[in-house]
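Numbering (the numbering used here), first residue to last: 21 to 288.
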């Protein structure tokens with residue numbers, strides 16, 4: 021249908037909450053309507069004035085719109101690079117907000133590695149969609165985040181309240197296993213991998229003799245990210261939400277919760 025509309029002469033407008041339609045349209049044809057309180061604005065992505073080259077446009081189209089076009093309709097976007105975060109953070113968010121983040125209009129999006137932030141930031145910044153970054157603290161990752169922020173004329177990490185970086189140069193697995201949480205994660209790992217009662221007893225003996233249980237948990241979580249990531253929030257359900265995760269979600273809540281009744285986001 022969209023291709024048939026494109027063959028019609030003259031100017032035409034399609035108003036649709038559809039990521040599929042978005043993935044077919046040209047970036048220069050997008051108009052995002054945003055209402056906040058009693059005022060409305062219309063934003064567009066002018067690829068020429070922004071100085072976007074062919075490769076920049078291709079990345080936005082391929083890495084963002086072809087797979088995550090739904091972010092155009094979000095009230096807020098949380099970006100991160102890791103596979104573990106992609107599965108665990110939505111569950112932490114659901115616990116924090118006591119409702120699914122989708123019901124708040126919040127999209128939690130993995131960018132496919134620390135080099136993937138720029139296309140998402142360009143789109144969100146241009147269309148006025150609030151965004152946050154939850155980044156690993158490894159030096160190369162931090163450098164790539166700083167580079168992405170520079171590309172969209174955003175302040176550096178040190179002065180940017182939209183960016184949360186994990187401490188001590190660590191990644192998400194390292195952080196989630198710290199601060200006394202590793203014992204709960206050991207139980208989750210055993211529950212996940214034990215096939216028989218005899219196997220469980222052997223695993224418990226093996227873990228009880230581990231000289232560096234925290235480091236071993238990190239290595240195990242990294243070895244099977246898709247298996248363990250969705251189980252991490254449940255394993256930590258009796259503990260407070262990790263401080264840095266709660267800090268991130270608190271920043272998000274302060275921005276999007278007061279706006280829920282007064283703000284509508286549409287795209288044409």
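For every residue, glycine included, the Cβ atom is placed at its ideal position computed from N, Cα and C.
Asked, Found
"Whether residue 274 touches residue 150 by CB criterion (7 Å)", "no"
"Endpoints, the beta strand (DSSP E) within which residue 55 is located", "52 to 56"
"Helix, strand or coil at residue 26 according to DSSP, with G and I counted as helix", "helix"
"Same chain, Cβ closer than 7 Å to residue 25, neighbours up to 5 away in sequence not counted", "32, 34"
"Segment limits, alpha helix (DSSP H) that includes residue 227", "217 to 228"
"Close-in-space but distant-in-sequence residues of the same chain around residue 124 (CB under 8 Å, 5 per side omitted)", "95, 96, 117, 276, 277, 280"
"Pairwise C-alpha distance: residue 153 and residue 171", "15 Å"
"DSSP beta-bridge partners of residue 243", "DSSP, once it has assigned bridges, lists no residue as partnering residue 243."
"Separation of residue 134 from residue 177, as counted between CA atoms", "14 Å"
"Residue 107 classed as buried or exposed, judged by whether at least 16 other C-beta atoms fall within 10 angstroms", "buried"
"Own chain partners of residue 181 with C-beta closer than 8 Å, once the 5 adjacent residues on each side are dropped", "271"
"Residue environment, residue 82, which counts as buried when at least 16 other CB atoms sit within 10 Å", "exposed"
"Cβ contact (3+ pairs, closer than 8 Å) linking the stretch 242 to 249 and the stretch 60 to 73", "no"
"Residues near residue 202 in its chain [Cβ-Cβ closer than 6 Å; skip 5 each side]", "233, 234, 237"
"Contained beta strand (DSSP E) runs [length at least 3] in the stretch 79 to 107, N- to C-terminal order", "96 to 100"
"Residue 185 to residue 66 span [Cα, whole Å]", "31 Å"
"Residue 285 - DSSP class collapsed to helix/strand/coil", "A caution first: residue 285 carries a pLDDT of 45, below 50, which makes its placement in the model too unreliable to give a value."
"Any alpha helix (DSSP H) of 4 or more consecutive residues that is wholly inside the stretch 174 to 208", "192 to 196"
"Beta-ladder partner(s) of residue 154, from DSSP", "100, 184"
"Extent of the continuous beta strand (DSSP E) to which residue 126 belongs", "126 to 130"
"Sufficient close CB pairs (3 or more, under 8 Å) joining the stretch 157 to 170 to the stretch 186 to 195", "yes"
"Bridge partner(s) assigned by DSSP for residue 59", "56"
"Limits of the alpha helix (DSSP H) - the one that residue 262 falls within", "Premise fails: residue 262 is in no alpha helix (DSSP H) and is neither H nor E."
"Beta-carbon gap between residue 104 and residue 249 smaller than 7 Å", "yes"
"CB contact flag (residue 111, residue 128, <7 Å)", "no"
"Host alpha helix (DSSP H) of residue 253 (start-end)", "252 to 255"
"Chain-order list of residues whose beta-carbon lies under 7 Å from that of residue 88 (same chain, five-residue window excluded)", "129"
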